[in-house]
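Residue numbers (the working numbering): 99 to 294.
Below, the structure is given as structure tokens:
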């Protein structure tokens, strides 16, 4: 059975942190591909959130040269809040694959606040990357491993904390952080006059 990575984010904008953990998850877990899923209506609403179609196209332009990365528009017509449980349930009805859900430790430490989280972790394997300031220990991971037969894989050797809000602030001031964004992303932002 194929192993598919799933990486959901607002991608507002997509930056090198998103790309690095997605590619490392693919390599380390031997994933066949990684699906990038822009969230339509994140329940932690962001005042600077661009329209879905713009974020989708920006992400698509950024990843299109990687044959292992693929876009998913599964949230395009979503009218309600974006809950991972609902999205994964829908995705599993569409593809026959083992799903590996890629998240940071900042999300993982709040997993018990997620919508139907106990059912969610029984549907997916989790690939967790440590983020600076969001430390988790083995006991915390084992608590969730006791609730599921799926894998929970944890990596603490790549720790990146990039502020999307700072990137947006820089762009508003006509500063394009070249080493935080791919050239394709910067080009799309400039051509579409985003955050100006």
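Backbone N, C-alpha and C fix where the C-beta goes; we use that ideal spot for every residue, glycine too.
A quick note: this is a predicted structure, and the numbers were derived from the prediction, not measured.
Item: Minimum C-alpha distance to residue 170 - residue among 149, 183, 192; Value: 192
Item: Beta-carbon gap between residue 177 and residue 139 smaller than 9 Å; Value: yes
Item: Contact check, residue 194 vs residue 99, beta carbons under 9 Å; Value: yes
Item: Cα-Cα separation, residue 222 to residue 200; Value: 10 Å
Item: Sequence-distant residues of the same chain with beta carbon closer than 6 Å to residue 274, five excluded per side; Value: 284
Item: Outcome for residue 262 when other beta-carbon atoms lying within 10 angstroms are tallied against a minimum of 16; Value: buried
Item: Cut-off 8 Å between Cβ atoms - residues of its own chain near residue 229, not counting five sequence neighbours on either side; Value: 202, 203, 204, 257, 258, 259
Item: Complete runs of the beta strand (DSSP E) confined to the segment 127 to 151 [at least 3 residues]; Value: 131 to 136
Item: Cβ shell of residue 181 (< 7 Å), same chain only, five flanking positions each side left out; Value: 213
Item: Under the three-state DSSP convention, the category residue 206 falls into; Value: helix
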